[in-house]
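Mind the numbering: the sequence shown is residues 60 to 191 in my numbering, read in order. These notes are about the structure you will find just below.
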Amino acid sequence: QGMASCYFAWDSEFKWFNNRFHDTTTPRWVPMMSGGLFAMTKWWWKQLGGYDSAMTGWGGENIDQSLRIWLCGGEITHAEPAYIAHMWRTNDPKTKAHYHINGDVHRNRWRAVHGWLGAFENVTLQYPDFAR
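Written out as structure tokens, the structure is:
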């Protein structure tokens, strides 16, 4: 409980796994995070360039931000013993996702892969979601 982590697969999806066997005396590095769970200084956020303004809707920003952090000299670790909860409120007009456009998740994920993986982006192109 409370020890879930994410990883990035070649199909550009992030997946959750239970990392409960971690030695708590050392930092627990995490390869990938969910988009809304980052905490960082304003200075570092600006250094990284913030969110990609060409991404639309939501989905894929977690891949982009995680790769940016690691490839630009940062690191992602768990903030133990922090716990995060997420609630969908689809019937509440204040929190309803009015901006979601079908297909954007694949486009956003492709932007992250294309922008950060270089020659390795060709591996992702072998998956059906990205076949040309």
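From the three backbone atoms N, C-alpha and C, an ideal C-beta is built for every residue, glycine too. A quick note: this is a predicted structure, and the numbers were derived from the prediction, not measured.
What distance in whole Å lies between the Cβ atoms of residue j and residue i, which are believed to be in contact at a cut-off of 8 angstroms?
| i | j | result |
| --- | --- | --- |
| methionine 91 | serine 125 | 5 angstroms |
| alanine 171 | glycine 133 | That belief does not hold up - the Cβ atoms of alanine 171 and glycine 133 are roughly 16 angstroms apart, past 8 angstroms. |
| isoleucine 128 | leucine 107 | 7 angstroms |
Tell me the DSSP secondary structure of residue i in three-state form.
| i | result |
| --- | --- |
| threonine 183 | helix |
| tryptophan 117 | coil |
| glutamine 60 | Reliability fails at glutamine 60, whose pLDDT of 46 lies under 50, so the model's placement of it is uncertain and no value is given. |
| alanine 144 | coil |
| glycine 177 | helix |
Under 9 angstroms, do residue i and residue j count as touching if we go by C-beta distance?
| i | j | result |
| --- | --- | --- |
| tyrosine 142 | aspartate 123 | no |
| tyrosine 186 | serine 71 | yes |
| arginine 168 | threonine 115 | no |
| valine 89 | serine 64 | yes |
| leucine 130 | tryptophan 102 | no |
| aspartate 163 | tryptophan 104 | no |
| asparagine 121 | phenylalanine 76 | no |
From the DSSP output, which residues share a beta bridge with residue i?
| i | result |
| --- | --- |
| tyrosine 110 | In DSSP, tyrosine 110 forms no bridge with anything. |
| phenylalanine 73 | Phe67 |
| threonine 100 | DSSP output for threonine 100 lists no bridge partner at all. |
| tryptophan 129 | In the DSSP output, where bridge partners are listed per residue, tryptophan 129 has none listed. |
| tryptophan 169 | Looking at the DSSP assignment, tryptophan 169 forms no beta bridge with any residue, so it has no partner. |
| tryptophan 88 | Thr136 |
Would you say residue i touches the ligand COA, meaning its beta carbon is less than 8 angstroms from a heavy atom?
| i | result |
| --- | --- |
| aspartate 111 | As far as ligands go, the structure on display features none, and thus does not contain the ligand COA. |
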